[in-house]
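These notes are about the structure you will find just below.
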Amino acid sequence: MTDFAFLHGGGQGGWVWDETISAMQAQSPTTPGGTHRYLALDAPGCGTKRGRDTSAIQFDEINAELVADIEAAGMQDVILVGHSQAGTSLPGMAALKPGLFRKLVFVSCVAPDPGLTMIEMSGNRIHGGRHSFTDETLSTRDRYRKLFCNDMAPAQADRFLDKLGPDGWPRSCYGETNWAYDHLADIPVSYVLCLQDVVMPLEWQEFFAKRMHARSTLRIDAGHQVMNTRPQALAEVLLAEANQ
Numbered sequence: 089m090t091d092f093a094f095l096h097g098g099g100q101g102g103w104v105w106d107e108t109i110s111a112m113q114a115q116s117p118t119t120p121g122g123t124h125r126y127l128a129l130d131a132p133g134c135g136t137k138r139g140r141d142t143s144a145i146q147f148d149e150i151n152a153e154l155v156a157d158i159e160a161a162g163m164q165d166v167i168l169v170g171h172s173q174a175g176t177s178l179p180g181m182a183a184l185k186p187g188l189f190r191k192l193v194f195v196s197c198v199a200p201d202p203g204l205t206m207i208e209m210s211g212n213r214i215h216g217g218r219h220s221f222t223d224e225t226l227s228t229r230d231r232y233r234k235l236f237c238n239d240m241a242p243a244q245a246d247r248f249l250d251k252l253g254p255d256g257w258p259r260s261c262y263g264e265t266n267w268a269y270d271h272l273a274d275i276p277v278s279y280v281l282c283l284q285d286v287v288m289p290l291e292w293q294e295f296f297a298k299r300m301h302a303r304s305t306l307r308i309d310a311g312h313q314v315m316n317t318r319p320q321a322l323a324e325v326l327l328a329e330a331n332q
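In the working numbering, the protein residues as written are 89 to 332.
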């Protein structure tokens, strides 16, 4: 049995992992002792934690809270899976409690340059100041459709877009510039590359995988929301990680 904990990206909540967790449960062994455990985490202000006043929460406190949530669930020897913005928290979580985590799996995650905020990294470094998030010729919904839904059928895109809006990470996430990655060389790390991702272009994913000291990279032909558009494929990858 393996314990899996999942951390969502920006503007989303633990709900984003529902399809992948269901796919993992369907593909997992059902013999006694063979069922894995799954925990979809929520950053403060997201998912089950919506509505909280997060204005005073510091970035390190977010990571500490997420680690505490995992410990409160009784999990140990955890495979920690993160998506997108979660790449800013997973290294800090691993530094806080290295003995809690068996492996980290980054799914199209950002790894900002030390000294840059995540927004500076995404908007300026990755997209050269032409990020779709800031395209004022498009409505917010159309911006999200362009970024997150390029591999979704229209009906699936509409269902996904209908869920966006209520989730927001604390503001401190977007002012943080103190990033550290060297300690990840001591932890088994894998990185899932999403080949159709327009939020995180492939060449940047490959760059971030090296920065995260990934020992293996795995490729899925999907856009940024691989957990929603290719949940079976992602489930296969994650379950295989449990056996390595």
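Don't be surprised by glycine CBs; every beta carbon is placed ideally from N, CA and C.
Worksheet item: Is Met240 closer than 8 Å to Val277 when the C-beta atoms are compared?
Response: no
Item to complete: Pull up the CB-CB distance for Ile308 and Val286, whole angstroms please, since I reckon it's below 8 Å.
Response: So it is not a contact: roughly 15 Å between Cβ atoms.
Worksheet entry | CA-to-CA distance, Ser172 to Gln284, given in whole angstroms | 14 Å
Worksheet item: Is Met89 buried or exposed, if buried means 16 or more other CB atoms sit within 10 Å of its CB?
Response: exposed
Worksheet item: Around the Cβ of Gly98, are there at least 16 other Cβ atoms within 10 angstroms (buried) or fewer (exposed)?
Response: buried
Practice prompt. Alpha carbon to alpha carbon, how far is Leu306 from Phe295? Give it in angstroms, no decimals.
Written response: 14 Å
Discussion item. Just to confirm my understanding: we take Tyr232, look at its own chain, exclude 5 residues before and 5 after, and list those with CB closer than 7 Å. What are they?
Written reply: Leu249, Leu252
Fill in: Those runs of the beta strand (DSSP E) which lie wholly inside the region 141-196 and span at least 3 residues
166-171, 189-195
Worksheet entry | Bridge partner(s) assigned by DSSP for Arg125 | Asp91
Worksheet item: Would DSSP call Arg259 helix, strand or coil?
Response: helix
Worksheet item: Under the three-state reduction of DSSP, which class applies to Tyr269: helix, strand or coil?
Response: coil
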